[in-house]
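**Student:**
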Amino acid sequence: MENTKPSAPPIHAVSDNYSSKIELAYNGSREDLDPYIPSQHRPIASNTSSFGALAHLLKASLGSGVLAMPLAFSSAGLVIGSIGTLLIGFVCCHTIHVLVKTSQQLCVELKKPSLGYADTCDLVFQHGPKRFRKFAPFSRELADWALALTHMGACCVYVVVIAESFRQVSIVYGGPDWSVTVFCGLTLVVLLPLTQITTLKYLVPFSALANFVWLGSICICLYYCLRETPDFSDKSLVTSISGLPTFISTSLFAMEGIGVVMPIENEMKKPQDFLGCPGVLNAAMSAIAVMYGFVGFIGYLKYGDEVRGSLTLNLPQEEVLAQTAKLLVACVMLLSFTLVYYVPVDVVWRRLQDRIPARGHPWALAGVRFAGTLLLVGIASAVPRLELFMELVGAICLSVMGLLLPAITETVFRWNRDITLCSFVVWKNVVIGIFALVAMVSGVTYAIMAIVKEL
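Numbering (UniProt numbering), first residue to last: 1 to 455.
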């Protein structure tokens with residue numbers, strides 16, 4: 001009778017640059033094998049250069065958030081706002097770093113070319129300590145819905161900015177002085193047909209044009225902020241502690257880009273260049289933190305406590321250049337709505353399509369897109385306050401998706417591998433988790449109080 005011995009589990013030793021050997025143990029013997037390199041097994045289309053990845057990451061971060069930073073500064077003051085922006089940028093960069101590193105190591109271990117955010121969370125729990133495996137489905141759902149709700153909140157912000165921009169220009173040229181709510185409803189005329197576009201390639205040319213238009217609009221805003229000598233006398237250097245939850249929530253909404261990181265890294269020809277020093281991530285987040293801090297500082301210095309949820313809304317109504325910037329931003333956000341809207345539709349559709357006969361898929365998907373657009377515009381019309389949406393999205397979704405989940409994921413993945421309860425990594429992630437929970441609870445509390453007062 002043949003004597004067989006049970007196979008020992010694989011022992012992985014993976015270096016950051018994947019240049020080491022993976023040492024495996026089978027039947028008591030050891031042999032060196034070439035490591036699995038995920039990038040070599042990705043589709044041919046996944047050949048984005050490191051510079052291209054940097055450009056994509058910067059482009060994805062040039063959203064409505066940068067124009068909201070002056071509002072964040074108004075809740076913290078010039079000094080706390082400047083320091084806080086850099087600190088939040090550092091924390092966001094770190095949590096993105098640990099998520100990507102965990103995903104890369106998991107790809108090597110499981111021999112998968114690439115993993116998305118929800119896939120990473122799910123598989124970390126599936127292959128983690130036994131007592132954590134039951135949480136795998138929940139972690140996937142949490143990641144998916146946090147991502148979806150983040151993009152839904154961004155869509156609501158876009159609707160309000162579009163409506164307020166067209167309203168201001170309409171008043172200048174003798175148009176109807178309707179409320180922001182009415183103008184929110186009018187956006188449906190354009191958004192309903194646009195959101196029925198199911199092929200992204202038709203929007204690519206408009207997206208490329210929108211990036212240049214968006215950059216031009218930011219330059220116009222900076223021109224108005226800097227054309228006169230700034231006055232520090234009536235600006236707060238430090239505000240009360242009660243403003244910190246609003247500052248943190250708004251800053252997270254503006255700066256946290258974890259939702260776009262995994263798709264960009266998965267398309268890179270050399271994903272090992274994404275991390276490290278300087279690395280794509282560090283270079284991008286450093287530029288983003290400095291740029292957002294600069295816009296926030298000079299925007300608040302110019303307009304003080306009168307600053308709005310989008311800096312363009314503070315520009316002079318009677319000047320043609322300012323009106324141009326407002327209309328350009330509104331048009332860009334109409335296109336951005338269509339692109340951002342893909343994420344929540346995808347999350348919902350993946351959970352519905354198996355319950356619907358295949359022949360009914362086109363009509364059902366169109367119905368989901370139609371109903372979702374009505375819902376988001378309806379929410380924006382009900383509470384047309386930019387700052388409230390940004391605070392809620394930042395407090396609930398981005399605290400979870402951008403801070404809490406990456407910290408938990410790293411801890412579970414490395415548990416019993418190279419960390420224990422007394423390890424620095426564990427307590428570092430505990431601090432990040434506590435910060436995320438405090439930011440979420442305080443941010444939601446203040447936002448709900450403001451919404452109740454608004455209603």
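For glycine and all other residues, C-beta sits at the position ideal for the given N, C-alpha and C.
Keep in mind the model is a prediction, meaning the values are calculated, not measured.
Going along the chain, which unbroken runs of the alpha helix (DSSP H) with 4 or more residues stay wholly within the region 304-366?
**Tutor:** Counting only runs of 4 or more, we get 320-340, 342-352.
**Student:** Which runs of the alpha helix (DSSP H) at least 4 residues long sit entirely within the region 109-155? Give them in chain order.
**Tutor:** Those alpha helix (DSSP H) runs which fall completely within the region 109-155 and span 4+ residues are 117-126.
**Student:** Tell me whether residue 214 is buried or exposed, calling it buried when 16 or more other Cβ atoms sit within 10 Å of its Cβ.
**Tutor:** Along the sequence shown, read from residue 1 onward, the residue named residue 214 stands at position 214. With 16 or more other Cβ atoms within 10 Å, it is buried.
**Student:** Could you tell me whether the region 145-153 touches the region 382-397, where touching means 3 or more Cβ pairs closer than 8 Å?
**Tutor:** They touch, by the three-pair rule.
**Student:** With three or more beta-carbon pairs closer than 8 Å as the criterion, would you say the region 415-432 touches the region 387-394?
**Tutor:** No, the region 415-432 does not touch the region 387-394.
**Student:** Determine the direct distance from the alpha carbon of residue 304 to that of residue 314, and round the result to whole angstroms.
**Tutor:** Sequence index remark: in the sequence shown, residue 314 carries index 314 (1-based). Sequence index remark: in the sequence shown, residue 304 carries index 304 (1-based). Their backbone Cα atoms lie some 11 Å apart in a straight line.
**Student:** If we count the other Cβ atoms within 10 Å of its Cβ and call it buried at 16 or more, is residue 361 buried or exposed?
**Tutor:** Along the sequence shown, one-based indexing puts residue 361 at 361. It is exposed - the Cβ of residue 361 has fewer than 16 other Cβ atoms within 10 Å.
**Student:** Would residue 435 and residue 81 be called neighbours here (beta carbons separated by less than 8 Å)?
**Tutor:** Taking the sequence shown and counting its residues from 1, the one referred to as residue 435 is at position 435. Taking the sequence shown and counting its residues from 1, the one referred to as residue 81 is at position 81. Cβ atoms of residue 435 and residue 81: not closer than 8 Å.
**Student:** Would you identify the three-state DSSP class for residue 427, choosing helix, strand or coil?
**Tutor:** Position 427 of the sequence shown, counting from 1, holds the residue named residue 427. Of the three classes helix, strand and coil, the one that applies to residue 427 here is helix, per DSSP.
**Student:** Which one of 48, 107, 51 has the shortest CA to CA distance from residue 413?
**Tutor:** One-based indexing of the sequence shown puts residue 413 at position 413. Checked all of 48, 107, 51; the closest Cα to residue 413 is 107.
**Student:** Any heavy atom of the ligand ATP closer than 7 Å to the Cβ of residue 335?
**Tutor:** The ligand ATP is absent from the structure shown, which contains no ligand whatsoever.
**Student:** According to the Cβ coordinates, are residue 101 and residue 36 closer than 8 Å?
**Tutor:** As a position in the sequence shown, residue 101 is number 101, starting the count at 1. As a position in the sequence shown, residue 36 is number 36, starting the count at 1. No, the Cβ-Cβ distance between residue 101 and residue 36 is not below 8 Å.
**Student:** Between residue 345 and residue 147, how many whole angstroms is the CB-CB distance? I'm expecting something under 8 Å.
**Tutor:** Position 345 of the sequence shown, counted from the start, is the residue given in the question as residue 345. Position 147 of the sequence shown, counted from the start, is the residue given in the question as residue 147. In fact, because the Cβ distance is near 12 Å, the residues do not count as touching under 8 Å.
**Student:** Quick check on DSSP: helix, strand or coil for residue 214?
**Tutor:** To locate residue 214, count along the sequence shown from 1; it is residue 214. If DSSP states are grouped into helix, strand and coil, residue 214 belongs with the helices.
**Student:** Nearest to residue 218 by alpha carbon, out of 178, 246, 67?
**Tutor:** In the sequence shown, the residue the question calls residue 218 occupies position 218. Out of 178, 246, 67, 67 has the C-alpha closest to the C-alpha of residue 218.
**Student:** Enumerate, from N- to C-terminal direction, the unbroken alpha helix (DSSP H) stretches of 4 or more residues contained entirely within the region 44-91.
**Tutor:** Here the runs fully enclosed are 50-61, 69-76.
**Student:** Would you call the region 282-295 and the region 44-61 touching, i.e. three or more CB-CB distances under 8 Å?
**Tutor:** Yes, since at least three Cβ pairs between the region 282-295 and the region 44-61 fall closer than 8 Å, the two stretches touch.
**Student:** Answer with buried or exposed for residue 415, where buried requires no fewer than 16 other C-beta atoms within 10 angstroms of its C-beta.
**Tutor:** For the purposes of this step, residue 415 is identified with residue 415 of the sequence shown, where counting begins at 1. Counting Cβ neighbours within 10 Å, residue 415 comes out buried, since at least 16 surround it.
**Student:** When DSSP labels each residue in this structure, what does residue 37 get in the three-state scheme?
**Tutor:** In the sequence shown, residue 37 corresponds to position 37, counting from 1. Here residue 37 sits in coil by DSSP.
**Student:** Following the continuous alpha helix (DSSP H) through residue 414, name the residue where it begins and the one where it ends.
**Tutor:** The residue given as residue 414 occupies position 414 in the sequence shown. That run of the alpha helix (DSSP H) goes 405-414.
**Student:** Let's see if you can read the secondary structure: which residues bound the alpha helix (DSSP H) around residue 185?
**Tutor:** The sequence position of residue 185 within the sequence shown is 185, counting from 1. Note, residue 185: alpha helix (DSSP H), 180-186.
**Student:** Does the Cβ of residue 134 have 16 or more other Cβ atoms within 10 Å, making it buried, or fewer, making it exposed?
**Tutor:** Taking the first residue of the sequence shown as 1, we reach residue 134 at position 134. When all chains shown are included, residue 134 counts as exposed.
**Student:** Could you tell me whether the Cβ of residue 351 comes closer than 8 Å to any Cβ of chain C?
**Tutor:** The structure shown has no chain C; it contains just one protein chain.
**Student:** Would residue 274 and residue 265 qualify as a contact pair, given that the criterion is a beta-carbon distance under 8 Å?
**Tutor:** The residue given as residue 274 occupies position 274 in the sequence shown. The residue given as residue 265 occupies position 265 in the sequence shown. Cβ atoms of residue 274 and residue 265: closer than 8 Å.
**Student:** Where does residue 197 sit, in a helix, a strand or coil, going by DSSP?
**Tutor:** On the sequence shown, residue 197 is found 197 positions in, with the first residue counted as 1. Coil, per DSSP.
**Student:** For residue 268, which beta-bridge partners are listed by DSSP?
**Tutor:** Locating residue 268 in the sequence shown gives position 268, counting from the first residue. Looking at the DSSP assignment, residue 268 forms a beta bridge with 48.
**Student:** Which residues mark the beginning and the end of the alpha helix (DSSP H) in which residue 252 is found?
**Tutor:** Within the sequence shown, the letter at position 252 stands for residue 252. Unbroken alpha helix (DSSP H) run through residue 252: 244-255.
**Student:** Residues bridged to residue 419 by DSSP?
**Tutor:** Taking the first residue of the sequence shown as position 1, residue 419 is located at position 419. In DSSP, residue 419 forms a bridge with 415.
**Student:** Please state if the CB of residue 191 and the CB of residue 370 are separated by a distance shorter than 8 Å.
**Tutor:** Mapped onto the sequence shown, residue 370 falls at position 370. Mapped onto the sequence shown, residue 191 falls at position 191. Contact: no.
**Student:** Put residue 273 into one of helix, strand or coil per three-state DSSP.
**Tutor:** Within the sequence shown, numbered from 1, the residue matching residue 273 stands at position 273. Correct three-state label for residue 273: helix.
**Student:** Helix, strand or coil for residue 223, going by three-state DSSP, please let me know.
**Tutor:** Along the sequence shown, read from residue 1 onward, the residue named residue 223 stands at position 223. Three-state result, residue 223: helix.
**Student:** Let me know the secondary structure DSSP gives residue 164 once reduced to three states.
**Tutor:** To locate residue 164, count along the sequence shown from 1; it is residue 164. The answer is helix: DSSP assigns residue 164 an H, G or I state.
**Student:** If residue 312 and residue 332 are in contact, beta carbons under 8 Å, what's the gap, nearest whole angstrom?
**Tutor:** Taking the sequence shown and counting its residues from 1, one reaches residue 312 at position 312. Taking the sequence shown and counting its residues from 1, one reaches residue 332 at position 332. The pair is not a contact, with the Cβ atoms about 10 Å apart (cut-off 8 Å).
**Student:** Please work out which residues of its chain come closer than 6 Å, Cβ to Cβ, to residue 132, disregarding the five sequence neighbours upstream and downstream, and give them in chain order.
**Tutor:** Taking the sequence shown and counting its residues from 1, one reaches residue 132 at position 132. Answer for residue 132: 125, 412, listed in chain order.
**Student:** I'd like to know whether the C-beta atoms of residue 122 and residue 103 end up nearer to each other than 8 Å.
**Tutor:** Here the question's residue 122 lines up with position 122 in the sequence shown. Here the question's residue 103 lines up with position 103 in the sequence shown. Contact: no.
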